[in-house]
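J.: Structure provided below as structure tokens; questions to follow.
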Amino acid sequence: MSTICNKQQAANNNGEQEKPQVVCVTGAGGFIGSWVVRELLRRGYRVRGTARDPVAVEGTRNVINAAADEGARRVVFTSSYGAVHMDPNRSPDAVLDETCWSDYEFCKKTDNLYCCAKMMAEITATEESAKRGLQLSVVLPCMTMGPMLQQTLNFSSIHVARYLMGTKKTYPNAVAAYVDVRDVARAHVLAYERPEARGRYLCIGTVLHRAQLIGLLKELFPQYPVTAECEDDGMPMANPYKFSSQRIKDLGLQFTPLNKSLYEAVISMQQNGHLPVIPFPPQQQLHTCNNKSRYKAQRILLILPVTRMENILDSPGTI
């Protein structure tokens, strides 16, 4: 979770140039938080960051009240589409938007405790902000892809790496929603800067079946041993659900194509030593590298070291 809070600065009546506005970002060292910080700095803000996220409900309450005590007027809160889409009773033809909530009891029964925590934290942020008179915007990102600014692998990067290396042998017959981490960062800043912004903003770039994700990885990086197969092959493929990210688009956000996000995520893992760099076989280079910049990137990356492969091969969990 990342939270952006601001303290309204007094107007300068001495004719001097106003100082850059100061904002606080919680969880600034994380995958999303680090990109939020970068986007704010790029736009000229001064940023104060906390390295760790507040713990669920009580931590959220403390952050909101601390922001209000310091004179903040606006808060942008990071929730998750996990607080939106987990409802077994929703029609398959329904369009997911900001009015949708996950079924809390269903999440508890199925041990989706992450979704439970996100729901409770968002409700707490909404209630506490209303009590303290803060203008609250909530960004709800889905599975977040893209290059890393931090050194440690995040959840989505670990699983992409395991698919690429062939250590993950199966994938579920399921669909998932994806978004570029830089789009999530821009969504936070847009929700912070636009005076009319308030309420929930679903941040989803695309929804794909897991087989389509595997296909993209094979197409972008044919030199890697992507061998995963559907764990219930022979059954009808799960259908992608419908969603609307129109509210965040109305603030000016344009989404990055998933193939670009995946490609740059893998390049980032190579550069940070989380993935071995496997060159294209000579006979494949002309067919798979469609432009000079991509070919150049592959050639340069051949000299990079691999130092942390054990982080990938030993990582538990499924996606």
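At position 43 of the sequence shown (counting the first as 1) the number is 56 in my numbering, and the numbers step up by one without a gap. For every residue, glycine included, the Cβ atom is placed at its ideal position computed from N, Cα and C. Model, not experiment: these values are computed from the prediction.
1) Report the rounded CA-to-CA distance for G218 versus G46, giving the unit in angstroms.
2) Hey, out of A278, A96 and V35, whose CA is closest to V194's CA?
3) For P33, which three-state DSSP category applies?
4) So, is V35 buried or exposed, given that buried needs 16 or more other C-beta atoms within 10 angstroms?
5) Could you tell me whether any non-hydrogen atom of the ligand MN is closer than 7 angstroms to the CB of V151?
6) Which residues share a DSSP beta bridge with R195?
7) Provide the residue span of the beta strand (DSSP E) that contains S337, from first to last.
8) Using DSSP with H/G/I as helix, E/B as strand and the rest coil, what is H172?
9) Enumerated in chain order, which unbroken segments of the beta strand (DSSP E) with a length of 3 residues or greater are wholly contained in the region 203 to 291?
10) Using the rule of at least 16 other Cβ atoms within 10 Å of the residue's Cβ for burial, across every protein chain shown, is V38 buried or exposed?
11) Given V89, which residues of its chain have a CB within under 6 angstroms of its CB, disregarding the five upstream and five downstream residues?
12) So, for V108: in the same chain, excluding its five sequence neighbours on each side, which residues have a beta-carbon less than 7 angstroms away from its beta-carbon?
13) Measure the alpha-carbon distance for G84 versus Y276 and round it to whole angstroms.
14) Please state whether the Cβ-Cβ distance between P154 and S93 is less than 8 angstroms.
15) Would you mind listing the beta strand (DSSP E) stretches within the region 85 to 153 that are 3+ residues and don't spill past its ends, in chain order?
16) Less than 8 angstroms between the CB atoms is what I'm expecting for C129 and K122, so what's the real figure, rounded?
17) On the three-pair Cβ rule with 8 angstroms, is the region 132 to 146 touching the region 69 to 82?
18) Closest to N78 by C-alpha separation, out of E140, G57 and L126, would be which residue?
19) For the beta strand (DSSP E) that T73 lies in, which residues bound it at each end?
20) Give the secondary structure of A189 by DSSP, where H, G and I count as helix, E and B as strand, and everything else as coil.
T.: So, to answer that:
1) 19 angstroms
2) A278
3) coil
4) exposed
5) As for the ligand MN, it is missing from this structure, which has no ligand bound.
6) Residue pairing by DSSP leaves R195 without any beta bridge partner.
7) Because the chain in this structure spans residues 14 to 332, residue 337 falls outside the shown range and cannot be described.
8) helix
9) Runs of the beta strand (DSSP E) inside the region 203 to 291: 212 to 216 and 219 to 222.
10) buried
11) I17, S150, H201, A204 and Y205
12) K255, F256 and S257
13) 42 angstroms
14) yes
15) 85 to 91
16) With a Cβ gap of about 10 angstroms, C129 and K122 do not count as contacting.
17) yes
18) Closest by C-alpha distance to N78, out of E140, G57 and L126, is E140.
19) Note, T73: premise wrong, no beta strand (DSSP E); alpha helix (DSSP H) at A69 to D82.
20) strand
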